[in-house]
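Visitor: Attaching a single structure in structure tokens format; questions to follow.
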Amino acid sequence: MSDFKETITVALSGASGMPYGLRLIEELVAQNHQVFVLVSSAARVVLDTESQFKVSANEQKATAQFCERFGASPEQIKVFGKDNWFSPVASGSAAPKKMIVCPCSAGSVSAIANGASDNLLERGADVVIKERGQLILVVRETPFSEIHLENMLKLAKIGVTIMPAAPGFYHQPESIAQLVDFMVARILDHINIEHSLAKRWGYGC
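Under this note's numbering, the first residue of the sequence shown carries the number 1, and numbering increases by one thereafter.
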């Protein structure tokens, strides 16, 4: 029997904004949640560029890398490759009911909106939608084209939460880390996880 509070899927697509996704994983691990991590091929490039984190394409090696980076306990983080169709994430009978794509590229938004399911990230999102779970897309793109907006509206109409990576400034951030924490705090709010990452409006801000 697992001692973890809950299993949550975090997918990293090829958009800029990897500090958001890494900080989210860090906080989930710190609060004793199990995390299934999906890393696209493009995401590995962006991880190296933005965070100097060279993630292996091999699942076992990547899992070890994430566990070491976040001080995770055995089995707490599991990384699944983009073509691992036998992973729990690919099946409605086993996939976690909560999934966050962070950061989420406009291309991933399009694929998810149209049910492409060409890789595990897209299939995982498709499973969460069809099983009436909770899917959050932390979209990182600017400006949005009409196509982007139409795809996001299509998903929002069926219950997907569209949460662009647009941190606020009312808490008077003094560092990039505080801006990252602002967005991660909003994500945690939406998946009902308590935190103390950012001040709330009207409470000392």
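All C-beta atoms in this analysis are idealised placements derived from N, C-alpha and C, irrespective of residue type, glycine included.
With H, G and I counted as helix, E and B as strand and the rest as coil, what does DSSP make of residue 191?
Guide: For the purposes of this step, residue 191 is taken as residue 191 along the sequence shown, with counting starting at 1. In the structure shown, residue 191 sits in coil (DSSP, three-state: anything other than H, G, I, E or B).
Visitor: With a cut-off of 8 Å, do at least 3 Cβ pairs link the stretch 102-115 to the stretch 65-81?
Guide: no
Visitor: Is residue 135 helix, strand or coil when you go by DSSP?
Guide: Residue numbering aside, residue 135 sits at position 135 when the sequence shown is read from its first letter. Note: residue 135 maps to strand in three-state DSSP.
Visitor: Tell me whether residue 82 is buried or exposed, calling it buried when 16 or more other Cβ atoms sit within 10 Å of its Cβ.
Guide: Residue numbering aside, residue 82 sits at position 82 when the sequence shown is read from its first letter. Answer is buried; the Cβ neighbour count reaches 16.
Visitor: Is the beta carbon of residue 14 sitting closer than 8 Å to the one on residue 87?
Guide: Within the sequence shown, numbered from 1, the residue matching residue 14 stands at position 14. Within the sequence shown, numbered from 1, the residue matching residue 87 stands at position 87. Contact flag unset, no.
Visitor: Quick one: is residue 77 buried, meaning 16 or more other Cβ sit within 10 Å of its Cβ, or exposed?
Guide: On the sequence shown, position 77 is the one that residue 77 refers to. By the neighbour-count rule (16 or more Cβ atoms within 10 Å), residue 77 is buried.
Visitor: Assign residue 151 to one of two classes, buried (16 or more other C-beta atoms within 10 Å of its C-beta) or exposed (fewer than that).
Guide: If you number the sequence shown from 1, residue 151 lands on position 151. Buried.
Visitor: Under three-state DSSP, which class holds residue 178?
Guide: Walking along the sequence shown from the start, residue 178 turns up at place 178. If DSSP states are grouped into helix, strand and coil, residue 178 belongs with the helices.
Visitor: Which partner residues of residue 11 appear in the DSSP bridge assignment?
Guide: As a first step, residue 11 must be located in the sequence shown, where it is residue number 11. Beta-bridge pairing links residue 11 to 38, 101.
Visitor: Nearest-angstrom Cα distance between residue 22 and residue 164?
Guide: Locating residue 22 in the sequence shown gives position 22, counting from the first residue. Locating residue 164 in the sequence shown gives position 164, counting from the first residue. Each residue's alpha carbon lies about 16 Å from the other.
Visitor: Exposed or buried, residue 92, counting other C-beta atoms within 10 Å across all chains shown (16 or more means buried)?
Guide: The residue labelled residue 92 in the question sits at position 92 within the sequence shown. Exposed, by the Cβ-count rule.
Visitor: With a threshold of 6 Å on Cβ separation, who are the neighbours of residue 1 within its own chain once the five nearest residues in sequence on each side are excluded?
Guide: Within the sequence shown, the letter at position 1 stands for residue 1. The predicted position of residue 1 is uncertain, since its pLDDT is 45 and thus under 50; a value taken from the coordinates is nonetheless stated next. Cβ within range, chain order: n/a, list empty.
Visitor: Have a look at 149, 19, 160 and flag the residue whose alpha-carbon is nearest the alpha-carbon of residue 51.
Guide: Here residue 51 corresponds to residue number 51 of the sequence shown, with the count starting at 1. The shortest Cα separation from residue 51 among 149, 19, 160 belongs to 19.
Visitor: For residue 44, does the three-state DSSP call read helix, strand or coil?
Guide: Counting from 1 along the sequence shown, the entry for residue 44 is found at position 44. Collapsing the DSSP output to three states places residue 44 in a helix.
Visitor: Quick one: is residue 17 buried, meaning 16 or more other Cβ sit within 10 Å of its Cβ, or exposed?
Guide: Taking the sequence shown and counting its residues from 1, the one referred to as residue 17 is at position 17. Answer is buried; the Cβ neighbour count reaches 16.
Visitor: Where do the N-terminal and C-terminal ends of the beta strand (DSSP E) with residue 78 fall, by residue?
Guide: Along the sequence shown, one-based indexing puts residue 78 at 78. Segment 77-80, the beta strand (DSSP E) holding residue 78.
Visitor: Rounded to a whole number of angstroms, what is the C-alpha to C-alpha distance between residue 135 and residue 190?
Guide: One-based indexing of the sequence shown puts residue 135 at position 135. One-based indexing of the sequence shown puts residue 190 at position 190. Cα-Cα distance, rounded: 10 Å.
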